[in-house]
Amino acid sequence: MMSHTAYIGIGSNLGNALQNTQQAIDLLRKIPKTSVEASSSLYQTAPVDASGDDYINAVVRLKTELDALTLLEELWRIETLFGRERPFRNAPRTLDMDILLYDSDCIQTERLCIPHPRMTERAFVLVPLHEIAPDLNIPGKDSLDTLIRHLAHQKIKRVTA
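Residues in the sequence shown are numbered from 3 upward in steps of one, following our numbering.
Below, the structure written as structure tokens:
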């Protein structure tokens with residue numbers, strides 16, 4: 003089976019957000035044919051284009067034999083374990099997990115868009131991503147360093163190493 007590299011963005015701002023994020027990372031380790039290669043520190047950030055409490059965010063690099071849609075279904079399964087609801091766009095959430103990148107693929111379907119369409123607009127994605135993959139190239143985008151400089155106005159604070 004071919005192995006793929008996927009980067010997963012994780013966020014939570016309902017319930018015990020710190021614990022939710024840490025447990026989600028642990029559950030990623032249990033996805034079949036998938037291993038966690040790297041996990042960023044946890045970061046506290048204010049909501050972007052949303053309301054509610056601050057978020058706890060992280061990014062994880064996976065090696066997986068799953069195709070992108072099967073991986074997405076596994077992420078949704080984990081979100082459901084945390085009682086994730088989608089009452090409206092950008093609603094506060096117990097757990098949110100997104101596939102940011104899947105190899106260097108560009109995927110555009112009704113259910114999945116990779117690279118994640120708003121990842122370059124969010125420090126809560128780019129800062130932890132830079133921590134675990136500083137030289138990563140996002141297809142069709144500037145370097146991570148340049149993208150992060152453009153988001154200097156977004157407040158982000160490391161919570162744990």
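The C-beta atom is built at its ideal place from N, Cα and C for all residues, glycine as well.
The model shown is predicted, which means the values in this text are computed figures rather than measured ones.
Residue i - containing alpha helix (DSSP H), residue span
i: A19; result: 19 to 30
i: L170; result: This structure cannot speak to residue 170, because the chain is shown only from 3 to 163.
i: H152; result: 146 to 152
Helix, strand or coil at residue i according to DSSP, with G and I counted as helix
i: T122; result: helix
i: S14; result: strand
i: H155; result: coil
i: L97; result: coil
i: R160; result: strand
i: V50; result: coil
i: L112; result: The question names Leu, but residue 112 in the sequence shown is Glu. In this structure, E112 counts as coil in the three-state DSSP scheme.
i: L103; result: strand
i: L131; result: helix
Sequence-distant residues of the same chain with beta carbon closer than 8 Å to residue i, five excluded per side
i: A68; result: In the sequence under discussion, the amino acid at residue 68 is Leu, which differs from the Ala named in the question. Closer than 8 Å at Cβ, skipping near neighbours: H6, I33, P34, K35, T36, E76.
i: R151; result: none
i: D105; result: H6, T7, A8
i: V161; result: L20, S43, L44, Y45, Q46, I58
i: L114; result: A70, L71, L74, I101
Contact check, residue i vs residue j, beta carbons under 8 Å
i: V62; j: A40; result: yes
i: V127; j: G54; result: no
i: Y9; j: I158; result: no
i: L1; j: L149; result: Only positions 3 to 163 of the chain appear in this structure, which leaves residue 1 out of reach.
i: V38; j: Q156; result: no
i: I140; j: T111; result: no
Terminal residues of the beta strand (DSSP E) in which residue i lies
i: I58; result: 57 to 66
i: S37; result: 36 to 41
Neighbourhood of residue i by C-beta distance below 7 Å, restricted to the same chain and skipping five residues each side
i: N22; result: S14, F84, T96, L97
i: P136; result: L146
Checklist entry - Touch check for the stretch 140 to 150 and the stretch 15 to 28: three-plus C-beta pairs under 8 Å? => result no
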